[in-house]
């Protein structure tokens, strides 16, 4: 099969991944809107039957928390509709199909250009979308986090759409600085870490949106746990990516650190996530404060990916952004 044919196949599979991610998003959204809403109704109805104290000692917890603390009170009320649960199951299958299409797009692109397929902005964003969906699907194998599915899927679909519309680059060779085995080490680690940071960022945004009253979303505790676990895994990978980047810079440019904008913002991102983890361990920060810190770090990550490549010139300005 010719390189041109492989490149065309890659483009088609990217479009297929976008469509599949959007379809999965709809299924996850249906389950979240109708399945969880009915479940929360059952919880509140059950909580209404639980004594919460009187007078000065009255329990000020919300009904859902009282119901959980009381044991079997959640069992009252109608079951969530079966079709809503099935929508979530179908969405999960479609998400896996989208993941396979995304992977195939990356593989065929790599075969078409005969190199690691993340040598420009387009390829990098396609790979990060794949990493984010992978993080969600792998995490779902360990615990039920389908409540994040709609938000991860729409993020991946928007990311791929942006890559196609704004960052698309015709398959071809890269600048000499990228013709190195370091791209498989440094960039791969950055992609994997970024995918998990996207999962944590989605959880953090939902945490703030949920507040204290939006019961259709999962509990704040569940959202915070997902974000923390993702960052705990992603942070060492990002640390490794920064170190590997410095080693590659020494090999390519004769110095480990040169205050290039990409280097600076990669380090600022590292500081942001380090601050989040440090605040949780030493100061015991939880809830809104910790979530805001991790979202600031996530904003730095996004600026490092998009802002630096688009608006700032430097040694890393080889992203082929038109």
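Numbering (the numbering used here), first residue to last: 53 to 374. Backbone N, C-alpha and C define an ideal beta-carbon position, used for all residues, glycine too.
C-alpha of residue 354 to C-alpha of residue 320: approximately 12 Å in a straight line.
Relative to the Cα of residue 66, the nearest Cα in the group 283, 214, 350, 297 belongs to 214.
Residue 317 sits close to residue 356, with the two beta carbons spaced by under 8 Å. Here the region 58-77 lies against the region 151-164, with 3 or more beta-carbon pairs under 8 Å apart.
In the DSSP assignment, residue 195 falls outside any alpha helix (DSSP H) and carries neither an H nor an E. Taken through DSSP and simplified to helix, strand or coil, residue 78 comes out as helix. Ranked by Cα distance from residue 304, the options 234, 221, 160, 68 are led by 234.
The residue from 148, 157, 232 with its alpha-carbon nearest to that of residue 299 is 232.
The beta carbon of residue 276 lies closer than 8 Å to those of 255, 259, 338, 339, 342, 343 in the same chain, with the five residues before and after it left out. Within the model, the alpha-carbon separation for residue 333 versus residue 345 is close to 14 Å. Separation of the CB atoms of residue 76 and residue 205 is rounded to 5 Å, and the pair is thereby assigned contact status at 8 Å. Counting only unbroken stretches of 4 or more residues, the alpha helix (DSSP H) elements lying wholly within the region 247-315 are 272-305, in sequence order. For residue 340, the enclosing alpha helix (DSSP H) covers residues 339-354.
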